[in-house]
Amino acid sequence: MTKIIVATGNENKMKEIRQIIKRDDIQFVSLKDEGLSDVEIVEDGDTFEENAIIKAKTIADITGTIVIADDSGLEVDYLDKAPGVYSARYMGEDTPYTVKNNHIIELLKDARGGERSARFVCVIACVMPDGNVITTRGTIEGQIGYEEKGENGFGYDPIYLPEKGCTTAELSPEDKNEISHRGRALTAMYKKLEGVL
Ligand code: ITT
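Residue numbers (numbering that gives the first Met the number 0): 0 to 196.
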């Protein structure tokens, strides 16, 4: 059994990661599981790659074990790719997502059709015990909806329309993971690690 620490405080990500890579020989544990929730991680990178590496390295430096981290976010083209790497902090970390989502809908009130294009991006970084760093990136292209829809998922899912005709919050977890930025980045990481683990 290989234990992999996931350097995240986001329980929704943790749940999806466990659903995406379902293997009896890999155990994903969270910062909370490891009693590491209080470790200060300074996410001051300008890119998803930089921030994912910062998170994984901060924890790997303490534990010396295999650590992965997920840095992700929503890029809205009409807003010059905002909120991007600031997706979690957009309008304040503690602001409810229904407020953030409706604010984005309002900012896009004059945007029609292709002007509403957006993508979810996810970068997974993995730091190996020997310090080697690997990253993979997954994206999903789509559009911003005109209203919030759906109860599944988290964050910006209720306003995000992939090419399925419904929001990612209306998809089952399995269907979301099949096409999502996180599903793609994590599956690519798993393939890279398969030979190494
Ligand atoms: P950690 O840094 O502890 O992992 P975080 O939530 O702060 O948790 P990020 O800095 O990577 O993580 O910010 C990602 C944000 O992007 C997340 O909080 C959501 O707002 C948004 N996001 C990422 N993936 C998403 C998804 O699958 N569905 C909806 N929103 C998503």
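By construction, the Cβ of each residue, glycine as well, lies at the ideal position given by its N, Cα and C atoms.
Query: If we require 3 or more residues per run, which beta strand (DSSP E) segments fall completely within the segment 55-92?; Result: 66-75
Query: Identify whether Y189 lies in helix, strand or coil by the three-state DSSP scheme.; Result: helix
Query: Only counting the same chain, and skipping five residues up and downstream in sequence, which positions put a Cβ closer than 8 Å to that of I52?; Result: G44, A68, A124, V126, V132 and T134
Query: If you draw a straight line from the alpha carbon of C165 to that of G63, how long is it in whole angstroms?; Result: 42 Å
Query: Would you report the Cα separation of M90 and K99, rounded to the nearest angstrom?; Result: 7 Å
Query: The beta strand (DSSP E) with I123 in it runs from where to where?; Result: S116 to V126
Query: How would you label Q26, buried or exposed, when you count the other beta carbons within 10 angstroms and need 16 or more for buried?; Result: exposed
Query: What separation, rounded to the nearest whole angstrom, lies between the Cα atoms of D24 and V195?; Result: 14 Å
Query: Check each candidate in L170, R17 and V84 and name the one with the smallest Cα separation from G72.; Result: V84
Query: What residue range does the alpha helix (DSSP H) around E15 cover?; Result: E10 to I19
Query: Thinking C-alpha only, which one of G144, A6, M13 and T1 is nearest E169?; Result: G144
Query: Could you say which of R136, D37 and R22 lies nearest to L185 if we only look at CA atoms?; Result: R136
Query: Beta carbon of A124: closer than 6 Å to some heavy atom of ligand 1?; Result: no
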